[in-house]
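What follows is a short report on a single structure.
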Amino acid sequence: MTRVLVVDDEPQLLRALRINLTARGYQVLTAVDGRAALRAAGDGKPDAVVLDLGLPDMDGGEVIAGLRGWTTVPIIVLSARTDSADKVQALDAGADDYVTKPFGMDELLARLRAAVRRSNTSAPEDQPIVETETFSVDLAAKKVLREGAEVHLTPTEWGMLEVLVRNKGRLVGQKQLLKEVWGPTYANETHYLRVYLAQLRRKLEADPSSPRHLITEAGMGYRFEV
Numbered sequence: 000m001t002r003v004l005v006v007d008d009e010p011q012l013l014r015a016l017r018i019n020l021t022a023r024g025y026q027v028l029t030a031v032d033g034r035a036a037l038r039a040a041g042d043g044k045p046d047a048v049v050l051d052l053g054l055p056d057m058d059g060g061e062v063i064a065g066l067r068g069w070t071t072v073p074i075i076v077l078s079a080r081t082d083s084a085d086k087v088q089a090l091d092a093g094a095d096d097y098v099t100k101p102f103g104m105d106e107l108l109a110r111l112r113a114a115v116r117r118s119n120t121s122a123p124e125d126q127p128i129v130e131t132e133t134f135s136v137d138l139a140a141k142k143v144l145r146e147g148a149e150v151h152l153t154p155t156e157w158g159m160l161e162v163l164v165r166n167k168g169r170l171v172g173q174k175q176l177l178k179e180v181w182g183p184t185y186a187n188e189t190h191y192l193r194v195y196l197a198q199l200r201r202k203l204e205a206d207p208s209s210p211r212h213l214i215t216e217a218g219m220g221y222r223f224e225v
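The opening position of the sequence shown corresponds to residue 0 in numbering that gives the first Met the number 0, with each subsequent residue numbered one higher.
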């Protein structure tokens, strides 16, 4: 049974979608805000997400970014925003499709079927939590735990760690890391990487002077190892 997560803060619409999808054989998970959506995605492992952009606690674009930090699940945006800039922004953030409100249920269902078909069902199961011997990284909740306690990371520290964890076991080049975390105008500021990686090691590694998880490949980039 295909599992769909529907995220919307309008109770009537949420109920209508749940009834229509359930009647057509879908298993439906629901959430009314962004934080609940990220938790539901991590716990429920949906096969597709239908997402409103105007949520009470965060913008839907932030939810897309949170999901794309760890999963390739198809995301269909369902929004009253009709401006082309909003559509481009959502698609660039990682959404697969964009449906504007008001919408026809048949059209939404057709787009949902198409999105699920396009998804790579042979891919390994997405895992939002990555465990090491000394700490765990929750890509859905955007938090790090060490010895059961949450580790405070600055937004930049988190951004750097997230990129490395998403590319677990693979070399991430210096320029790629700088562009993803700081932006394209910082592609040559390699000293930023040394400073922030040292901070991450102090917070996360059992022995920062001899790191096991945040590895430097001299002159090339960095790699995250479990």
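Just so it is clear, CB atoms sit at the ideal spot from N, CA and C, and this is done for glycine as well.
Close-in-space but distant-in-sequence residues of the same chain around residue i (CB under 7 Å, 5 per side omitted)
i: residue 39; result: 4, 28, 30
i: residue 228; result: Past the edges of the chain, shown from 0 to 225, lies residue 228, and the structure says nothing about it.
i: residue 155; result: 180, 195
Separation of residue j from residue i, as counted between CA atoms
i: residue 128; j: residue 138; result: 6 Å
i: residue 169; j: residue 104; result: 42 Å
i: residue 116; j: residue 99; result: 21 Å
i: residue 7; j: residue 180; result: 29 Å
i: residue 188; j: residue 110; result: 43 Å
i: residue 92; j: residue 63; result: 6 Å
i: residue 78; j: residue 101; result: 8 Å
i: residue 162; j: residue 68; result: 8 Å
i: residue 140; j: residue 217; result: 32 Å
i: residue 112; j: residue 2; result: 12 Å
Residue i, enclosing beta strand (DSSP E) - first and last residue
i: residue 215; result: 213–216
i: residue 99; result: 96–99
i: residue 130; result: 128–130
Beta-ladder partner(s) of residue i, from DSSP
i: residue 143; result: 136, 150
i: residue 34; result: Answer is none; residue 34 lacks a bridge partner.
i: residue 3; result: 27, 47
Boundaries (first-last residue) of the alpha helix (DSSP H) holding residue i
i: residue 28; result: Unbroken run through residue 28 is the beta strand (DSSP E), 26–30; no alpha helix (DSSP H).
i: residue 291; result: Here the chain comprises residues numbered 0 to 225, so residue 291 is not present and cannot be evaluated.
i: residue 225; result: First-last for residue 225: undefined, no H or E at that position.
i: residue 170; result: From DSSP, residue 170 is part of no alpha helix (DSSP H); its letter is neither H nor E.
i: residue 106; result: 104–117
i: residue 189; result: 189–203
Beta-carbon contacts of residue i that lie in its chain and below 8 Å, excluding the five residues immediately before and after
i: residue 197; result: 207
Sequence-distant residues of the same chain with beta carbon closer than 6 Å to residue i, five excluded per side
i: residue 32; result: 54, 55, 56
i: residue 225; result: 131
What runs of the beta strand (DSSP E), each 3 residues or longer, lie entirely inside the region 43–88?
Here the runs fully enclosed are 47–50, 74–78.
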